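Student: Numbering (numbering that gives the first Met the number 0), first residue to last: 0 to 249.
Take a look at the following structure, please.
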Amino acid sequence: MQSKALGILFLTLAAPMAAAFDIESMSEGERAAFRSEIRDYLLEYPEVLMEAISVLEERRERDAVARDSEVIERLHDSIFDDGFSYVGGNLDGDVTLVEFLDYRCGFCKRAFPAVEELVASDGNIRYIVKEFPILGDQSTLAARYAIAVKFVAGDADYKRVHDTLMLHDGAVTEGFLARTSREIGLDHGAITESMGSEDVAMAIGKNHALAQALSVQGTPGFILGDIILRGFLELEQMREIVADIRASRG
């Protein structure tokens, strides 16, 4: 039915065009007839318009994916090997999950158990955290603390702090951070000193610049393979994307 409809559309459009060669040379009467034929046709066969819109959307999606893949390739080292971001999961995993997050972001907290389950249950996911504080002073304070912990105490304690911050529902204050350090057994004085360092500020600045280059404007933002995913994802969505990535590699 749609093929027949497209054929009718072609004939409808071709007749006046063949007579006048181009729309600019049409008379007012020919233009009116031309527009009327198009309108009548689309009213009679609206599915053709929906088909055209669907094709346009698919083309835009393909173009967006291609642009994302290109920028990921160009910024590969900054994304996957910046030298300061936490890297966990299977360090030799065949698929890398990168997450831009803010510890004050409700959707990041909702995504946290899904990310944890994906990494734990899959067993072959390399997981990278990009501290991306965008929700105010408490977000920045939390990010500075987490990064300082990594610099001072290493990845294992960073992960413990990361989990604590993701599960914390209250305000992020100096007192809360001091208590967290005490409970985990960290040198809070050394961490506090590191929080104000240029290295910590540089890490956050680089993550903001990277997010801007990737058009990641909110949290959470994910990169899976060479795909940028902007927004919250359910566990099954992540699993499907991971499966598609592996399937595409043959």
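Yeah, the Cβ is synthetic: ideal placement off N, Cα and C, and Gly gets one too.
Because the structure is a prediction, the values reported are computed rather than measured.
Since Leu100 and Thr218 are thought to touch, with beta carbons under 8 Å apart, how far apart are those beta carbons, to the nearest angstrom?
Tutor: The sequence position of residue 100 within the sequence shown is 101, counting from 1. The sequence position of residue 218 within the sequence shown is 219, counting from 1. Confirmed, about 5 Å.
Student: Can you pull the DSSP bridge partners for Gly87?
Tutor: The residue you call residue 87 lines up with position 88 of the sequence shown. According to DSSP, Gly87 bridges with Tyr126.
Student: Could you tell me which of Gly87, Asp91, Tyr44 and Val97 sits nearest to Leu209, measuring between CA atoms?
Tutor: Along the sequence shown, one-based indexing puts residue 209 at 210. Checking every option, the nearest Cα to that of Leu209 belongs to Val97.
Student: For Leu166, is the classification buried or exposed, using 16 other Cβ atoms within 10 angstroms of its Cβ as the cut-off for buried?
Tutor: Stepping through the sequence shown from its first residue, residue 166 is reached at position 167. Result: exposed.
Student: In the DSSP assignment, the beta strand (DSSP E) including Phe226 goes from what residue to what residue?
Tutor: Mapped onto the sequence shown, residue 226 falls at position 227. Per the sequence shown, residue 226 should be read as Ile rather than Phe. Ile226 -> beta strand (DSSP E) spans Ile226 to Arg229.
Student: In the DSSP output, what is Ile222 paired with across the bridge?
Tutor: In the sequence shown, counting from the first residue as 1, residue 222 sits at position 223. Answer by DSSP bridge pairing, in chain order: Val97 and Ile227.
Student: Throw me the rounded Cβ distance for the Leu164 and Ala145 pair, which I believe falls under 8 Å.
Tutor: The residue labelled residue 164 in the question sits at position 165 within the sequence shown. The residue labelled residue 145 in the question sits at position 146 within the sequence shown. Right, their Cβ atoms sit about 6 Å apart.
Student: Write down the C-beta distance between Val151 and Ile190 rounded to the nearest angstrom, noting that I regard them as a contact closer than 8 Å.
Tutor: Here residue 151 is taken as the residue at index 152 of the sequence shown, counted from 1. Here residue 190 is taken as the residue at index 191 of the sequence shown, counted from 1. Indeed, because the Cβ distance is near 5 Å, the residues count as touching under 8 Å.
Student: Between the C-alpha atoms of Val148 and Ala142, what's the straight-line distance to the nearest angstrom?
Tutor: By one-based count along the sequence shown, residue 148 stands at place 149. By one-based count along the sequence shown, residue 142 stands at place 143. Between Val148 and Ala142, the C-alpha separation is close to 10 Å.
Student: If you draw a straight line from the C-alpha of Leu74 to the C-alpha of Ser68, how long is it?
Tutor: Along the sequence shown, read from residue 1 onward, the residue named residue 74 stands at position 75. Along the sequence shown, read from residue 1 onward, the residue named residue 68 stands at position 69. Rounded to the nearest angstrom, the two C-alpha atoms are 10 Å apart.
Student: Are the beta-carbon atoms of Arg103 and Ser138 separated by less than 8 Å?
Tutor: On the sequence shown, position 104 is the one that residue 103 refers to. On the sequence shown, position 139 is the one that residue 138 refers to. Yes, Cβ-Cβ distance for Arg103 and Ser138 is below 8 Å.
Student: With DSSP as the reference, label Gly188 as helix, strand or coil.
Tutor: To locate residue 188, count along the sequence shown from 1; it is residue 189. Helix.
Student: Which residues in the same chain as Ala202 place their Cβ atom closer than 6 Å to its Cβ, once the five residues preceding and following it in sequence are excluded?
Tutor: Translated into the one-based positions of the sequence shown, residue 202 becomes position 203. The answer, listed in chain order, is Phe83 and Ile146.
Student: Check whether the Cβ atoms of Ile244 and Gly220 sit closer than 8 Å, and answer yes or no.
Tutor: Translated into positions along the sequence shown, residue 244 becomes position 245. Translated into positions along the sequence shown, residue 220 becomes position 221. Not a contact, by the Cβ cut-off of 8 Å.
Student: Answer yes or no: do Asp162 and Leu185 have a C-beta to C-beta separation smaller than 8 Å?
Tutor: Translated into the one-based positions of the sequence shown, residue 162 becomes position 163. Translated into the one-based positions of the sequence shown, residue 185 becomes position 186. No, the pair does not count as a contact, with Cβ atoms beyond the cut-off.
Student: Straight-line CA distance for Val199 to Val70?
Tutor: Position 200 of the sequence shown, counting from 1, holds the residue named residue 199. Position 71 of the sequence shown, counting from 1, holds the residue named residue 70. Each residue's Cα considered, the two are about 25 Å apart.
Student: Residues in its own chain within less than 8 Å of Ser79 by CB, not counting five upstream and five downstream?
Tutor: In the sequence shown, counting from the first residue as 1, residue 79 sits at position 80. It should be noted that the sequence gives Phe, not Ser, for residue 79. Cβ within range, chain order: Thr95, Val97 and Ile127.
Student: Tell whether a beta-carbon distance below 8 Å holds between Asp81 and Lys158.
Tutor: Position 82 of the sequence shown, counted from the start, is the residue given in the question as residue 81. Position 159 of the sequence shown, counted from the start, is the residue given in the question as residue 158. No. Outside cutoff.
Student: Pull up the distance between the alpha-carbon of Arg66 and that of Ile227, whole angstroms please.
Tutor: Numbered from 1 along the sequence shown, position 67 holds the residue referred to as residue 66. Numbered from 1 along the sequence shown, position 228 holds the residue referred to as residue 227. The straight-line gap from Cα to Cα measures roughly 10 Å.
Student: What span of residues does the alpha helix (DSSP H) with Met237 cover, start to end?
Tutor: For this step, residue 237 is matched to residue 238 along the sequence shown. Unbroken alpha helix (DSSP H) run through Met237: Leu234 to Ser247.
Student: Met237 and Ala119 look like a contact to me (Cβ under 8 Å); what is the Cβ gap, rounded to whole Å?
Tutor: Position 238 of the sequence shown, counted from the first residue, corresponds to residue 237. Position 120 of the sequence shown, counted from the first residue, corresponds to residue 119. Wrong, their Cβ atoms sit about 12 Å apart, outside the cutoff.
Student: With 16 other CB atoms within 10 Å as the buried threshold, where does Pro132 fall?
Tutor: For the purposes of this step, residue 132 is taken as residue 133 along the sequence shown, with counting starting at 1. Label assigned to Pro132: buried.
Student: Helix, strand or coil for Asp81, going by three-state DSSP, please let me know.
Tutor: Taking the first residue of the sequence shown as position 1, residue 81 is located at position 82. DSSP places Asp81 in coil when its eight states are reduced to three.
Student: Of the residues Glu116, Gly105, Gly87 and Ile124, which one's Cα is nearest the Cα of Asp93?
Tutor: Here residue 93 corresponds to residue number 94 of the sequence shown, with the count starting at 1. Ranking the options by Cα distance to Asp93, first place goes to Ile124.
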